Each structure stands twice: as structure tokens, then as C-alpha cells.
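Beneath this line is the structure, given in C-alpha cells, with notes to follow.
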Amino acid sequence: MSKSVSKEKSMIIQKEMIAGLLKELGNAKETGKKVVYTFVPGNISELILAFDMLPVYPEINALQSGMRKKSEGFILDAEKLGHSEDVCTYVKCDVGMMINGNIGPSGEKIPAPDLLLLSYTGCFTFMKWFETLKRLYPNVPVALLHTPYQEGHKITPEMTQYMVKQLKEEVIPKMEKVSGNKYDEEKLKKILANSSKVEETIIKIFDTTKNRPSPIDAYFAGVYYIGPINNGFRGTPEAIDYYNELYKEIMDRVHNGLGPITPEGEMEKERFRLVVEGPPNWTHFREFWKLFYDMGAVIVASSYTKVGGVYDMGFRVNPDKPLESLADYCMNCYTNLNLEQRVELLSKCITDYHADGFLVNSIKSCNSFSAGQLMIMQQLERRLEIPVGFIESDLVDPRYFSYANIKNRLESFFQMLEQRKLILE
Amino acid sequence: MKKYFLGIDLGSTTSKAVIINEQDEIIGRGITNTRANYMVATEIARLEAIYNARFSILKMKLDDEIKSKPEYKKYIEDIESVFQYLQFKRRLDKLIVQFDESINSTFEGEKKTTIVNFVKTIFNIIAPEIRHEFIFANLGNKNQFFRDIVSERYNKEIAKLGKEYFEPMMLIYDKSITPVENELTEFDFKELIFEALEVLNEKYSYLENTNPEVSDIQFDIEMNILKGNHKQVHESIKEHITFIANMDIHIANMVGTGYGRALLPFPEKSIKSEILCHAFGAHAVFPNTKTVLDIGGQDTKAIQVDSHGLVTSFHMNDRCAAGCGRYLGYIADEFNISLNELGPLASDAKKEVTICSTCTVFAAAEIRELLNVGEERADILAGLHKSIVMRAMSLLARSGGVRNEFTFTGGVARNQAVLKYVTELVRKNYGDDLKINIHTDSIFMGALGGAMFARRSYKD
Ligand code: SF4
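Keeping their order, the protein sequence lines are chains A and B.
Residues 1 to 425 (this note's numbering) make up the first sequence, in order.
Residues 426 to 885 (this note's numbering) make up the second sequence, in order.
Pasting the structure below:
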């Protein structure tokens, strides 16, 4: 590993983008900008932007708190309020943060919401989460956008209509009222046109893992790459620039035959290629990542980087049909896929990116992702005859991260892969 | 020169060593309980495996004779047992010295004199008793550890003393046994084996004058045959014994595994995960194995294996000891019996009491409650064994279920009651036509897998 870690240009751009947004949020009360709290899966930030409002994502705040080692205290405070041990720790972390003055992970105060936009995509926790928020902010209006589950494997025109109807009758009127602006379809179309460019670039970026060595880690670094699109920049010109720059950098790596960059520099030898399902652990992110790159394991695809949008199966926004596109986008989001679709998607990733193994990081407090993971795992094992591994940790509750347990299992898993290579060669 | 390969499985409660030859045949096994000092435990297991290998080679050499003449078989069994006794004796002598030291540093005055006398008396009783058992009843074959053999008898003797001496006698016992157990006693195979032959001569000449009808010695056919001609047998075997005593067992490569594997002074590439080793070992013994359940001291593992013996997935218990050997240890403590007695007692049950607590700590409370309401110990134990197996079954289900053939490995596989419930529940849940493999060597599967990896990764 090389000693010096050079900051890539894209990293600097991203940092500035996020800092700018946080600053804008910090000044929202002065500038009079309205603030919408919403969720990452199926987030319709293009619409929020079309109304000139600012989005806040509670999950992102929670994961940031986790990474900055602030989550444990918040979680304990939420538990004192009566939230059970089994509640999603994103929720508890945020509740704890809010009752402690709503000071965000970067130290700036997060403005109170003017609108709670509940996009319900697959995870029931979202409903309960907003019930809690509603109690904390009793006078704030709630707009509900319900996304039908893709039970029958495909999106029917009726489903799209159902969502468009909600957008027209429930979401847009509330947004108009809160923002004081009229719905401007042309503006939304322009924003969506930007989104569609970004989608193309993102696809190309995550496709570079087809190379050997893979130039990026599509999980640990991948969650940074999806930062801007999940953090309110969907449809912005900044996002276009950021992703173009990122793609350029990655292609440079491909041309130079380089592997991924880790916190300790370049990963020298790619020994194992993996596909990972499930969110990462945020409180021990670096340690967790290190367990992989120390062993030469690179993640060539992960489902978590698709929570903000799944483009692999062909979905793209169509700026000419703005509301329909938003609807389809929500329905296509990873948490909204049925188990068969998830198996299909993961299986495509394993085959397309030539993975040696499949690993599940099951999150103790996330019911939405965890349900069905064992089934997914067993189906992939049988269907593709690929070694599979299973570890457990948590999102932001450091009490649930057992380093020794995870290390032991990962070591065994990596040895499984190694032995397989040795014996089958 | 012939090459041999060693696998060491450093478990949380026992350390196992296996030596294989170039054909993957097991020729040596060694096992000891793992206490604080892992290094010593490993060394003991390794040396034991090497001694055992010499005996195995002896048996292989004399294979034809052993088949046609039962007295040969008996004779070799006897030497092995006496050989084990002599090792035991060396350690016992150390223990006696250690007792002296412990007493000197712990007690004074009259109390000290009393205790010295008690200890002397106790050892005067138990030392010959143990000798007798080793030599005449083949205690060595029963696979008990030094501590267990001594404890059992020592405890029996102190129970006879007055209550006020119980505590101090236990105190010096604990103070003395641990250092002896944690210290490596080196033996010279050659010296010991010839000494063993002497002892045997003594045993057989004693037999000459004994009447089987009135003797406390277990006579069997082989023993009776030996009665007349042990000198002849001795003469014809002596040369072979000299050969195996002098032969060099060349360990060409070794691999370590198990719970404490990171502590082994092996290079990184010679340390393998226990999951891989158990699966590989089980697969070597039963080539059609598809699912392996390994219940060890510290953890339970459900492993799925492909046709090459390679692991495709595994599940381990997490944050709870309820399904594994340690749980049995707690239960034995709770009932104040030894671990070895658990299975047989549970097998005597007339029914199974349902145990709801899957948690070790809660189960202890539940046991007391059940005893209070008059449930039988055996019935409670049966229920406990079943609940352990049910935990293992849920782990198996999580890992993808049981596929044909199913192999059960690990230390807990020595417990009859566990075996019974595993068989019962696997059949019930996954069908009667499933083949279930359980091997007498199940506790050695991890070490065997390790040895096999050692052979495969060996390069001249
Ligand atoms: S998907 Fe999981 S992490 Fe996200 S809100 Fe639902 S339970 Fe929490």
C-alpha cells in the first residue's frame, strides 16, 4: 500500500457540495427557504427542488452521526423515551439527535421541517418514524406518497397512475402550500433531464468493476459515490459535474491498471471479488472496510448503493413524462423489489462482475433489508454454486458490532474462497 | 523417508492433534484438555499423537498376526495402556511435589501437619488404585484427562474427611493441579516403552498365579490366552517394538485450526479456519457429506459442503452459548456431576421435561424450579439435551437445512443423549431416508481436516 493518500478531485468537489447544502440548511430560517424531511429510498428530490425547497434525509444524518461516534448517546436517549431495543437504530439515533437540539453531525443546527414528505417504499419503519416526527413537530403538515410493492414482478400502468394521482392530489398541493410556489412542470422536466444524464454516468461508473482489477470498491467507496444523488443533488448541474469528474478519474485508474483506493492507499492485489447485500455498519466503518482490503477483497457490486435508485434492470427517467418517471423511479427502488427480483438483480451482479463470492451483512435492527436475506443467500448458493457468507452487525448502534465475531466469520469466508480457488484450479 | 502430516485443533475445551500419512490415513491421535496454557495443551496433544502414531505403525506392521492371533492384539493394547500409565505416573509424581510446595506456602503449624498427613494418606490410596486400573482395566483406552482421573478419586477421598477440611483440601488441590497441568512433561518414548514392557512382565506373571473366578481382574479370552504364552508373544514382538521406538516420525508439514488457532506459532498460511477443517475432515471420512453439524465447546456450526469437500456456506451461533458444549458444562455444574455422566443420565429418562429457557443463565433457574416441583433429574436432563439440539436445528435451518448426507462432528458428539436427539430431529425434519454419519473420531475431524490441508499445501 502506498503511504500518501491523495485526495481525488471528485472527493473535494463532493465535500464542497455537501458543505454548501448544509450551510444553506443552516441559513434556511434567514433566507426563508422551506425544509422538507424525506427518505432516501424512492426520494423524489427533483420535485422538492422544483419548488425551491431543501431536503433533509434523517437516515443520512443518522449514518453521519454513527460515523462520527455520536450515535450511541442518541440511541440511549431515544431508548429512555421508550423506544425498544429492536427499533431501527437510524430512527433512534435521529430521535435522540432531535431531542438534543437537532444539532446535525457536522455541528450545524438542522432546521425544523416545514413539510414531512413520507415516501413509503417497502419499509414499514418509515411510517412509524414519521408518526414520531409528527409528535415532535405537531404543526407540520405530512404528505404521504405510497409506493405499491412490486409483488407481481412488474409495474402495471395502474400502479403508475395510482402514484401520479397521489402526486397530483396529495403531494404537489401540499408542496405548493408550504413553499408558496406554483407547480412548474417545465422546471421539473429540466431537472429530470439532468437526472437522466447522471443516471447514465452512474451506470457507467458502477460498471467499471467489470475490469480486473476492479478500479473501485462498489460498497465501501460506493456509498461515498452515491452521496450526492442521495443527498439532495439529484437533478442538479453540480451532480452532473461531480459524476463526470468521478468517471474520468475512475477511467484513468482503469487505463493504468489500478485497483481501488482505500483509506490506507491503493489496494495492491485483488484476491477476491465479492457482491455484498445489506447496509454497511457505520460506527466501525473504517475497521470494517479494513477487514476486507487487508485480505485483498474488493466489492464489485452491492445492493445498498442501489437504495437511491436501481438502474441496472433498465429503468431510466423520462423528462417528457415527469410525474410518471418519479412514480416509476419510486417503484423501482431496491427496498420495493420483491425477493425474486432481488435474487435476480444480485445474481446478475455476481455473473456480470465475475464475483467469487456473495456476502450478506445482516443488520440487526433493519427489518426491511434483513427479511428474506437467508432465502436470497440460499437461492444464490444453489443457483450459481457460489460460496456465500453471512455476518451480522448494525447500522449505527456500536453495541451491536462485535469485531471478533465478524473477523472470525470473514476469515473463514475468505479462506473458503481461497481454498476453492486452490482446489478447483 | 516416509512423510507425515500433522493437524492441530486448538479448541476452547480440548486440544486435538491428528497425524496422517501420505494416503490421508489417520495414524496418530492425541487429545488433552485445554486450560489456561494453550501452548502446553498443543504440545501435549502433538506428542501424544506422535506416540500414538508409533503404536499405529506397530499395529499396521503386525496386522496379519493381530488378525490371526487375538493375544497379539491384547498384548499391544496392554502395552499402550501401561505406556499411558507411565506418562500419567510422571505427572502424578510432579503433582505430589507440587502439593508439598502448595501446603508449605499456604498453611502453618498444626493445621499444616494435619493436611500433610491427609494428603499423604490420600495419595497412598489413590496412586495404587489408579495404577491398578490402568494396568488391569485399561483405563488408558477410556480417554480421560489427567485432571479428571485425579479429581474423581481425590474428591471421593476428601468427602470422607471432616467438613472443616473440605475447603482447605480443595484449595490446595486447585493450587497444585493447575501448574502441573500447565507444564509440559517431556517423555522419552524409548525409555518409557521398555519400562512398560517390564511392567507388563510383572502383570502377566501375576496373572499366572491368579484364578479368574475369584480375581478382581477382568479376564477375557485374549487375556486368558496370554496367561500361558506371554513370554513367547513378548519375544516375537520385541523386535518390532525396538523398531518403532527408534523410527523417526518426520512431520513434513502442519496446519493449525480451532478456536485458539491465532495463538499457534505457525505461519499465517498454516492457520486454517475451523469451519473449513471440520468440513474437509468430515468429507474425507464420509465423501458424500453435504451438511456438517459441528458442536464444539464454544460454538456450534452448521456447514454446507460441495462435492469437493469445500464449504459453500456456514452459520455459527452468535452471542449465546445455549447450543454448544459450554452449556453442557454449566448444566453439569448445576447438577454437581461430571460432564461425562450427563449423557448417560439423560438417556435414563422416562420422559422429556420441556425446558423453555434457551439461555444458559435462565436455564439454571428453571432447573432449580423444576427440581422443586419434583421433576426427576434424568427427565430434566433429557429435556435440556433436547433443547440444545433444537438450537442446533434452528442453526441448521438458517444455513439452508440438512442435505443428504449429514455428518455430525465435534466434541459434543460423544454425548449419547445429544446423538439420540440429533438423529431423531434430523429425521423428523428432513426425512427418514437421509443418511446420518457419526464417527468415533468425530472429535478429531477438525484436526484431520487440518492435517489434510497440510498434506495438500506441502511442497517438496
Ligand atoms: S430500511 Fe432498514 S434502515 Fe431503512 S428505515 Fe427501514 S428498517 Fe431502518
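Think of the CB as a built atom: it goes at the ideal place given N, C-alpha and C, for glycine as much as any other residue.
Note that the coordinates shown come from a computational prediction; the quantities given were computed from them, not determined experimentally.
Query, Result
"Please report whether the beta-carbon of I406/A lies at a distance below 7 Å from any beta-carbon of chain B.", "no"
"Within the present structure, is the beta-carbon of S303/A separated from the nearest heavy atom of ligand 1 by less than 6 Å?", "no"
"Could you say which of Y183/A, T132/A, Y149/A lies nearest to G82/A if we only look at CA atoms?", "T132/A"
"With 7 Å set as the bound, which would you pick, yes or no: does the beta-carbon of P387/A sit closer than that to a beta-carbon of chain B?", "yes"
"Below 6 Å, is the gap between the Cβ of T834/B and the nearest heavy atom of ligand 3?", "Ligands displayed in this structure: ligand 1; ligand 3 is not among them."
"Kindly provide the ranges of any beta strand (DSSP E) runs that are 3 or more residues long and lie completely inside the stretch 259-291 of chain A, ordered along the chain.", "272-277"
"Return the chain-ordered ranges of every alpha helix (DSSP H) run that is complete within the stretch 765-823 of chain B and spans a minimum of 4 residues.", "785-797, 802-823"
"Nearest chain B C-beta to M1/A closer than 7 Å, yes or no?", "Low confidence applies here, because M1/A scores a pLDDT of 39, under 50, leaving its location unreliable; read the following figure in that light. It does not: the Cβ of M1/A has no partner Cβ on chain B nearer than 7 Å."
"Taking the C-alpha atoms as reference points, what is the distance between G455/B and E496/B?", "26 Å"
"Could you work out which residues of chain B lie near L291/A, taking near to mean beta carbons separated by less than 9 Å?", "Going along chain B, no residue has its Cβ under 9 Å from L291/A, so there is no contact; the nearest lies around 14 Å."
"How about S71/A: is its Cβ closer than 6 Å to a heavy atom in ligand 1?", "no"
"To the nearest angstrom, how far is the alpha carbon of G754/B from that of A771/B?", "14 Å"
"Name the two residues that bound the continuous alpha helix (DSSP H) containing G826/B.", "Premise fails: G826/B is in no alpha helix (DSSP H) and is neither H nor E."
"Collect the residues with a C-beta less than 5 Å away from any heavy atom of ligand 1 and give them in sequence order along the chain.", "C88/A, Y90/A, C123/A, T125/A, C366/A, S368/A"
"If you draw a straight line from the C-alpha of I155/A to the C-alpha of V814/B, how long is it?", "45 Å"
"Beta-carbon of H708/B versus every beta-carbon of chain A: anything under 7 Å?", "no"
"Counting only beta-carbon separations shorter than 7 Å, does R823/B have a partner in chain A?", "yes"
"So with Cβ pairs under 7 Å, would you call T737/B a contact of chain A?", "yes"
"Once the 5 residues before and after A436/A are set aside, which same chain residues still bring their CB inside 8 Å of it?", "Beyond the ends of chain A as shown, which are 1 and 425, falls residue 436/A; an answer cannot be given."
"Would you mind giving the Cβ-Cβ distance between R286/A and P263/A, rounded to the nearest angstrom? I have them listed as a contact below 8 Å.", "6 Å"
"Any beta-carbon of chain A closer than 7 Å to the one on H733/B?", "yes"
"Spatial neighbours of I540/B within its chain, please: C-beta separation below 8 Å, excluding the five flanking residues on both sides.", "I528, F532, Y590, P593, M594, I597"
"Around the C-beta of R212/A, are 16 or more other C-beta atoms found within 10 angstroms, so that it is buried, or is it exposed?", "exposed"
"For the beta strand (DSSP E) holding H146/A, just list the boundary residues, first then last.", "142-146"
"Per DSSP, what kind of secondary structure is L735/B in: helix, strand or coil?", "coil"
"What do you get for D787/B, buried or exposed, if any count of 16 or more other CB atoms within 10 angstroms of its CB means buried?", "The sequence given here places Phe at residue 787/B; Asp does not occur at that position. Under this definition F787/B is an exposed residue."
"Do L701/B and R420/A count as a contact pair if the criterion is CB distance below 7 Å?", "no"
"Please confirm whether M679/B and L431/B have their CB atoms less than 7 Å apart.", "yes"
"For H740/B, which residues in chain A fall below 8 Å Cβ to Cβ?", "F390"
"Give the residues of chain B in contact with L374/A, contact being defined as C-beta atoms less than 7 Å apart.", "R823"
"Give, in chain order, every residue of the stretch 684-705 of chain B whose Cβ lies closer than 7 Å to some Cβ of chain A.", "K697, S698, I700, L701"
"Measuring only between beta-carbons, confirm whether Q378/A sits less than 7 Å from chain B.", "yes"
"Helix, strand or coil for F390/A per DSSP?", "strand"
"For D397/A, count the other beta carbons within 10 Å of its own beta carbon; 16 or more makes it buried, fewer makes it exposed. Which is it?", "buried"
"For a contact meaning CB atoms closer than 8 Å, what does E381/A contact in chain B?", "Q729, T737, S738, G825"
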